[in-house]
Amino acid sequence: MNKYPENAPFIEYVLLLLRRRKRISVTGASMLPGLNAGDELFVNERAYANTLPDEGDIVVAWHPRKPNQKIIKRVSMVLDKGCWLIGDNPAESTDSAKYGIFPFKRIIGKITYRC
Amino acid sequence: MKNLIKSFFPAEEVSAHCDGPCGVYDPADARIKAEAVLSMTKKILAMSAPDPSDAAAVVAYNNTMSRYIAIKEDQAHGTKTDILVLWTDFFKPVHLEANPDLHDIIWKATKLCSACKTTVSLESAEALMAAVQQIHDIFWAAKGREVAYYTAS
Chain F
1013 MNKYPENAPF IEYVLLLLRR RKRISVTGAS MLPGLNAGDE LFVNERAYAN TLPDEGDIVV
1073 AWHPRKPNQK IIKRVSMVLD KGCWLIGDNP AESTDSAKYG IFPFKRIIGK ITYRC
Chain W
185 MKNLIKSFFP AEEVSAHCDG PCGVYDPADA RIKAEAVLSM TKKILAMSAP DPSDAAAVVA
245 YNNTMSRYIA IKEDQAHGTK TDILVLWTDF FKPVHLEANP DLHDIIWKAT KLCSACKTTV
305 SLESAEALMA AVQQIHDIFW AAKGREVAYY TAS
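Residue numbers (the numbering used here), protein chains in the order written: chain F, 1013 to 1127; chain W, 185 to 337.
So, in structure tokens, the structure goes:
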């Protein structure tokens, strides 16, 4: 069962003020049904500084081919050199099924809460 | 209070994306599959039949040959699909004006995919690679970018 981010406690807003969180807005349909276009989320870009992603994490990563485009996907598997990322809505997702493993250095951060 | 804080930190758009709406295309998909077709064709042609009285060798031969054929057919069909997606989804009328023979190039390339699928022809497999390179050149010229053609093998 996929877990979706919950509404943020106030501390997340404090972390945003301290620049320990960033805000992102979802576009596209690949994370339906849990995340819709327009949903706003907090991302912790230091989440994986000292630890690897966990399976089930929702992450922001660099698009493998399109420079400067960030994408949001879920970690399906954690492998030796990177993660297998998939959309929750595979019918409308371009992800590791097409691009293969996302190296760890291409994973930007972890979604923490809704904002 | 939360809304006040949020107003100071605008949200950056991050894509839960799909190739359909975001328009990410790359003829490299077709090239990788066409390379597999060429590789399997060479491997099939290099096989030599074992002594029919050696049952184990015959089984091994049939198994290997079947796998080569299965991959060749699958990848040839995949190459065709990738080329057709570029044709139907990426190329626009303006590209046709710049490349009046685009339809003919695509048609011949996809015909080569069929030939590679149904026969074992080194000539067709090499011609398919050349056709994929031609499409690569047209594609990147259409995008106004210089992207060098290369092969993985």
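Even glycine gets a Cβ: it sits at the ideal position worked out from N, Cα and C.
Annotation for residue 224/W: the continuous alpha helix (DSSP H) segment containing it runs 212-230. Rounded to the nearest whole angstrom, the C-alpha separation of residue 329/W and residue 187/W is 43 Å. Within the same chain, and ignoring the five residues on either side of residue 1088/F in sequence, the residues whose Cβ sits closer than 8 Å to its Cβ are 1067, 1095, 1096, 1097, 1098, 1108. Residue-level contact check: residue 1097/F does not touch chain W, since none of the beta carbons of chain W fall below 8 Å from its beta carbon. For residue 241/W, the three-state secondary structure derived from DSSP is helix. Under the three-state reduction of DSSP output, residue 1059/F falls in the coil class, being neither helix nor strand. With a threshold of 16 other beta carbon atoms within 10 Å, residue 320/W meets it and is buried. For residue 1084/F, the enclosing beta strand (DSSP E) has its first and last residue at 1082-1090. Closest option to residue 304/W, judged by alpha-carbon separation, among 241/W, 201/W, 249/W, 236/W: 249/W. The beta carbon of residue 1025/F sits closer than 8 Å to some beta carbon of chain W.
As computed with DSSP, residue 1097/F is found in a beta bridge with 1087/F. In the three-state reduction of the DSSP assignment, residue 276/W falls in the coil class, being assigned neither a helical nor a strand state. Taking the C-beta atoms as reference points, residue 1071/F is found nearer than 8 Å to residue 1119/F.
In the displayed model, residue 1071/F falls within a strand according to three-state DSSP. Residue 1102/F has its alpha-carbon roughly 30 Å from the corresponding atom of residue 293/W. With fewer than 16 other beta carbons inside 10 angstroms of its own, residue 287/W counts as exposed. With respect to the 8 Å criterion, residue 199/W and residue 337/W are not classified as neighbours on the basis of their beta carbons. The region 1038-1053 of chain F and the region 1074-1091 of chain F touch, with three or more beta-carbon pairs separated by less than 8 Å. Interface flag for residue 217/W against chain F is unset, since no Cβ pair is found closer than 8 Å. Around residue 1121/F, the same chain offers 1055, 1056, 1057, 1059, 1072 as residues with beta carbons nearer than 6 Å, after the five sequence neighbours per side are excluded. Taking residue 1061/F as reference, the option from 1105/F, 1116/F, 1124/F with the minimal CA-CA separation is 1116/F. Neighbours of residue 1061/F in chain W, taken as residues at a C-beta separation under 8 Å, are lacking, since the least C-beta distance is about 20 Å.
Distance from the CA atom of residue 335/W to the CA atom of residue 1026/F, rounded to whole angstroms, is 51 Å.
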